[in-house]
Amino acid sequence: METGKVMTMREAVASFVPDGSSVAMGCCLEPLVPFAAGHELIRQRRTALNLIGPISDSLFDQLIGAGCVARVTAAWVGNVSEGLGHNYRRAAESGQPNPLEIRDHSNFSIALALWAAAWGAPYLPTRTLLGSDILLSNPDLVAGDGLVRVGALKPDVTILHVQRADAAGRAHAWGPLGVAEEAALAAGRVILSCEELVDQEVILSDPNRVLVAETKVVAVVPEPGGGHPAPVQGYWRRDHAFMRDYATRSRTREGFLEWLQEWVLATPDRAAYLGRLDDTERLRIRQHRLSAPVDYGDE
Amino acid sequence: METGKVMTMREAVASFVPDGSSVAMGCCLEPLVPFAAGHELIRQRRTALNLIGPISDSLFDQLIGAGCVARVTAAWVGNVSEGLGHNYRRAAESGQPNPLEIRDHSNFSIALALWAAAWGAPYLPTRTLLGSDILLSNPDLVAGDGLVRVGALKPDVTILHVQRADAAGRAHAWGPLGVAEEAALAAGRVILSCEELVDQEVILSDPNRVLVAETKVVAVVPEPGGGHPAPVQGYWRRDHAFMRDYATRSRTREGFLEWLQEWVLATPDRAAYLGRLDDTERLRIRQHRLSAPVDYGDE
Amino acid sequence: MSDRYTPQELMVAAAAREIADGDLVFVGMRLPILAYAVARSTHAPRARALYELGLLRDWPAEAFLGTMGDPPNVAGALWSTRLSNVMGLLAQGLADLGFLGGAEVDRFGNLNTSYIGDFRQPQVKLPGSGGGADIAILSRRWVTLLSHERRRLVDRVSYVTSPGYGDGSQGWRRRQGLPGGGPAAIVTTLAILRFPPGGGEAHLDSVHPGHSVEEVRAETGWDLQVTPGAGETPAPTREELEQIRKFDPEGFWTRPA
Amino acid sequence: MSDRYTPQELMVAAAAREIADGDLVFVGMRLPILAYAVARSTHAPRARALYELGLLRDWPAEAFLGTMGDPPNVAGALWSTRLSNVMGLLAQGLADLGFLGGAEVDRFGNLNTSYIGDFRQPQVKLPGSGGGADIAILSRRWVTLLSHERRRLVDRVSYVTSPGYGDGSQGWRRRQGLPGGGPAAIVTTLAILRFPPGGGEAHLDSVHPGHSVEEVRAETGWDLQVTPGAGETPAPTREELEQIRKFDPEGFWTRPA
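Chains as they are written, first to last, in the numbering used here: chain E, 1 to 299; chain V, 1001 to 1299; chain W, 2001 to 2257; chain S, 3001 to 3257.
Structure (C-alpha cells):
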C-alpha cells in the first residue's frame, strides 16, 4: 500500500503551499471548511496568498487578519451565522494589516471559473452577472454579446477537509459538495485532511464516491476535528457559539490578535486546539444514519 | 408517497416521446443502455427522432434501421464489440430506410454540449476538435480565436436505465456515468427505467447518489433487464453473443428486418423479450460487492 | 403561545405568502428559510426548496439551522449535489422564486451587498454576492427582505451586486440580457413594496399593522409613491406563528434586530 | 505455452513498450487495453489507466472485457465518475499517452474513423470519433494501431477525424491551436512507423520479424521513407505473451483478422 502521501498538516503545508500560492478552500461553502489547514498556514506565516473559494465561513477572514493574504477571489467573505467579516472590512477599508485585492464573483461564476480550468478551457460563458457591478470589480469577468466570459481559475493548491480518505489519496466526501469537485479537478495539487484515514478496501468498495482522481492528491492528513467550527456530516455539528465568539472578539484588531494568539499561534496543532475547547462532546454527532449499500458485483 | 410517475414503458413512451422529439440515450456509453425504451419507441412507430448520445452501443443502429430517426447527434454509432453499425451505414450511404442527418461530435464535445444546456449557456468553448474535419460536418460547432464553440444540446427527453429508483423519480446509478448526469440535467424531461423500484427510504438514505433533481423526472418504469444486452453493474453481464448475433444478422437489410420482427415488433414488452432469451441466468451477476456505508448522521 | 409577533415574524409570514404551491424556491439563509418552512407547512405542501450549496429538499429540517449546510438540512435531502448543478436549474429558468437580503436596496430594486461607497476605496466592505447576483439575474421572480431604514432603502445603491430593474427604464433587464423576471416585492419591517408588471420603480403596497404611510415614507430614501388602494398588511395568522416558532423556537432569526 | 505469436500479439507487445512507468494512459478498447495490461504487469507497475466513459484503474481487470464498461472493469476501479471529468484531465494535458485505431491513417498521422469518400455523400460511413479526436488533439503523445494494408495507410485521408500533423508542415498543430504533442508512432501488423520530433511525415522505424522493407513499402499508400538504421522489431517476449494470453485467453482480440 502506498503511504508516502500520509503526513501531518505541518508537513503538508510546508511541502506544498509556498508563499504566493493560489489556494482554494471552503469549497463546500458552510460544511467541511478546512480550518485546521488554514490555521497551519497562519502558523507557518504564509504571505501573499490568493485565496479562492465561494463562501469560506470565517476562515478567509482569519487568514486575512493574520496577514497571509494578498488577494481574495470569492463570492462572499464574512461569518455565515453572524454577518460581517471584520478583518475583511479592515483590510478592504483601511489596508489593515495588508492592502487586499478583491476579485468579486458570485457563487455560480466561481464554480464556472473552476470548471473552465478543470476542462482546460480559457473561460466559460454565462448570463449570470449581466447587469451586476461585479463585472466592474473583477477583471477576470468580461462581458460582450449578451454573455459574461468567466475566466478560468486554476488554484495552485486546493485544500479539502473530507470525512474519510485512504493513504493513496482517494477521498470520500458527502453532503452538499459546493464546488469541491471542480476545485480539486482544476487544481495543480490537492491536499486532503480527513476525519478518518481508512483502508483502501473501504474507499474502493465505492469508486463512484471518490471525489477526484488520486493523481491530483499530494498529501493526506489524518486530522479529526479539522473542520471545527464548521459542520461535518456524520461527525460534527457546527459550533455556532464559537463562531459568535470569533465574531465578537474580532470586531477590533486587538481583539482579533488576542483570539489569534489563543486559538492559532499559541496552539501547536489541531490536537492541542481541540484540547482547548471545553466541551467537544456536545458537538459530536452520535446518531447514525447509514446509507443503503449498492452492489458493484461483476460476476 | 407519490406514485403518479410509475408507469409501464408503453405509457411512458406514449405520454412523453412524441414524433420529432430529440432523445438522449446511451448516456453511460456501454453500460446501462436503455434498450427496452428504444424497442418501445420502435413498436410505437416513432418517426423523425433526433437521437443524442455519445456511444449507444447498437441501440441507435436499431432505431435507425427501424426508420425512427431523422438525425443523429453522436460521437460514435456502431456496435462496440463488433464494429460497424450496418443500419447506420445503409442510412448514411444510401438513405435506407430514410435519409439521415448526421451531426458529428467527439465524446468530450457532446458532454460539453449537454453541460452548456444544463447551465443555460448557449455554448461552451474548448480546444478539442481543433484541426478535425468534425468542424466541417456539424453546424453546432463553430471555430474561431483558437477555440471551438460547442453549441448547447437540450434534449426534449433523456431516457436512462438505472439500477434503482423510487416512485418520486429519484435515481441511484453507479459505475461509470458517462454523460448521464448532464444529459438528465439538460433535458426538458427525464424517463427512468430501473432494475428495481425501491422504497424512498433506500434512496433518501444516500442523497449524494441521486443522479438528478426529481423535478426533471416525469416517468419511472420498473423494467428489470431493461438494459440487455448492455451490462448493468451488480445486476447483468454484457451479452456479447447477442451483440454478435445482431451484428451478423443486420449485415443485410433483410436480415435486420427479420431480427427486428423477432426481437422487437413481435415481442410485446420487455418481459416477453427476456422470455425469448434462452438463458438469462448465465448473464445474471450473482456475487455481491457491496459498498461500505457512509453516515449522514445529523444529531 | 403569544399572539404578539415581532416585525421579523410578520416579514416571514408575508414572504411565505409569496410562495405558491408547487414552486421551486431558491432559498437563502435566515428569514427565507423560515418563510419556506411556513409555506411548506401551510399552503404550499408541494413546494420544493433549492439550497445553493447543493441541496434539494421537500420538508424543511425541524432542527435549528445556523447555516444551510448544517447536518439536519442534509439528512433527508432529496438530492445532495454540487452547487453548479443547482445553479444550472436556476440558469435554465426553473426556479420560480428566490429570496434575497441586502444592506441596501434602491427604488428600482437593485441590491447592494458588496461595497458602500466607491468600490475602489470603500467606506464599508460588505460580504459580497454569494449566490445573490445569480438569483437576482436568473430566477423567474424574487423578493427582497430587509429592515426598513432610510439608510437601507436608498434612491440609488452605490454598487449593484444583484440587479433589479437597473436604471428603471422600460425593458432594462431585457436589453441587458438578464433572463429572469426581476424583483416582485420588497418586504420590510414596516411595509410591503411592489413593482409594477414589467418592472420599474417600487411602490408602497401595504403598511404593516401599527405603522403609517407617513412613517414608511419618512424611512424611505426616495419619494415613495403609494399604490392606489394600498392597505394594511395582514398580520401573521396563529398557524403561521406556530410554524415560525416551531422552526425558530429561540427566536434566533426573528427576534427584533 | 506456444512461443508462436500472431501479428496482433506483436502489436500489443510493441504498444506496451510505449508506456513508461508512472504514465497516465488514456486507454481505448481492444488492443490498447491489452497493451496497458501487459505494460502494467511488466515494466510499468505504477502506470494508471483512464477510460473515457469515466474510470481510473491501476491493475487491469483480469476477466475478459467486451467493452470498457463491462462490470469487471468497474469493480476495483480507483475512481468511477463522469466522462467530462476524465476528459478534463486530458484537456489539462495530464494524459501522457493515448492509443487510437482507425480505418485509415495518412503519412502525416491523421486518422479517419468517420467517412470514406465525401462526407456529404460517403462511400462508407464509419462509426465516428468516440473519444478519438479528443485523444489525438489533447494527449501529450499518442500511438496508432492498425492493420497494415495499402487501403488503410494512405497518402491523405478523405476525412480527418483525429488530427495528427495535418498537412505535415512544420508547426501545423501549434498554428491550429492543438494543445497535445501529436502522434509518436504507428504500430501495424507489419512494422512500426515513427514521426520525427516536432512532427511531419511518418518514417519506417522497424520491420516485424518475417517481413521486409519492400513488403512494408508495397503495402503503404505513399512513398514511405526509411529511417537510417531501421531494423527489426523485437518479437514479444515470453513474459509479454504470457500476460497477453492471461488477459485474452481465447484470442478474441489478438487472433488474426
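We put the CB at the ideal spot given by N, CA and C, even for glycine.
Continuous beta strand (DSSP E) stretch holding residue i: start and end
i: residue 3143/S; result: 3142 to 3146
i: residue 50/E; result: 49 to 55
i: residue 125/E; result: 123 to 126
i: residue 183/E; result: Taken as a continuous stretch (DSSP letters only), residue 183/E belongs to no beta strand (DSSP E), being part of the alpha helix (DSSP H) at 180 to 186.
i: residue 1024/V; result: 1022 to 1024
i: residue 3040/S; result: Careful: residue 3040/S lies outside any beta strand (DSSP E), inside the alpha helix (DSSP H) at 3031 to 3041.
i: residue 2049/W; result: 2048 to 2051
i: residue 2057/W; result: 2055 to 2057
One or two residues paired with residue i in a DSSP bridge
i: residue 141/E; result: 150/E
i: residue 3194/S; result: 3185/S, 3203/S
i: residue 2232/W; result: 2207/W
i: residue 236/E; result: 232/E, 284/E
i: residue 1194/V; result: 1162/V, 1222/V
i: residue 1157/V; result: 1023/V, 1189/V
i: residue 3178/S; result: Looking at the DSSP assignment, residue 3178/S forms no beta bridge with any residue, so it has no partner.
i: residue 3115/S; result: 3125/S
i: residue 73/E; result: 52/E, 103/E
When the options are compared against residue i, the one with the closest alpha-carbon
i: residue 1043/V; options: 1260/V, 1295/V, 1298/V; result: 1260/V
i: residue 2202/W; options: 2183/W, 2190/W, 2235/W; result: 2183/W
i: residue 1119/V; options: 109/E, 282/E, 262/E; result: 109/E
i: residue 2072/W; options: 180/E, 237/E, 78/E; result: 237/E
i: residue 1318/V; options: 281/E, 121/E, 246/E; result: As displayed, chain V neither begins before 1001 nor continues past 1299, which places residue 1318/V out of reach and without an answer.
i: residue 1209/V; options: 1234/V, 1181/V, 1220/V; result: 1181/V
i: residue 174/E; options: 2002/W, 2079/W, 2059/W; result: 2079/W
i: residue 3065/S; options: 3159/S, 3186/S, 3249/S; result: 3249/S
i: residue 3189/S; options: 3132/S, 3180/S, 3219/S; result: 3219/S
i: residue 1257/V; options: 1062/V, 1007/V, 1200/V; result: 1062/V
i: residue 1201/V; options: 1232/V, 1166/V, 1179/V, 1216/V; result: 1166/V
i: residue 3042/S; options: 3245/S, 3239/S, 3256/S, 3129/S; result: 3239/S
i: residue 2140/W; options: 2106/W, 2059/W, 2164/W, 2129/W; result: 2164/W
i: residue 1007/V; options: 1218/V, 1227/V, 1252/V; result: 1218/V
i: residue 3100/S; options: 3241/S, 3031/S, 3167/S; result: 3031/S
i: residue 2154/W; options: 2095/W, 2186/W, 2029/W; result: 2186/W
i: residue 265/E; options: 84/E, 153/E, 46/E; result: 46/E
Simplified DSSP state of residue i, which is helix, strand or coil
i: residue 1/E; result: In this predicted model, residue 1/E has a pLDDT of only 49, less than 50, meaning its place in the structure is not dependable; the value taken from the coordinates is given anyway. Coil, per DSSP.
i: residue 2100/W; result: strand
i: residue 1102/V; result: strand
i: residue 2222/W; result: coil
i: residue 1252/V; result: coil
i: residue 1086/V; result: helix
i: residue 79/E; result: strand
i: residue 134/E; result: helix
i: residue 1245/V; result: helix
i: residue 213/E; result: coil
i: residue 2110/W; result: coil
i: residue 2025/W; result: strand
i: residue 163/E; result: strand
i: residue 8/E; result: coil
i: residue 2019/W; result: coil
Nearest-angstrom beta carbon gap, residue j and residue i [assumed within contact, 8 Å]
i: residue 3025/S; j: residue 3097/S; result: 5 Å
i: residue 3076/S; j: residue 204/E; result: 6 Å
i: residue 213/E; j: residue 3089/S; result: 6 Å
i: residue 2035/W; j: residue 2020/W; result: Not really, about 13 Å apart at Cβ, beyond 8 Å.
i: residue 3050/S; j: residue 3086/S; result: 5 Å
i: residue 3162/S; j: residue 3111/S; result: 4 Å
i: residue 155/E; j: residue 186/E; result: 6 Å
Boundaries of the alpha helix (DSSP H) in which residue i is found, first to last residue
i: residue 1114/V; result: 1107 to 1118
i: residue 62/E; result: 59 to 65
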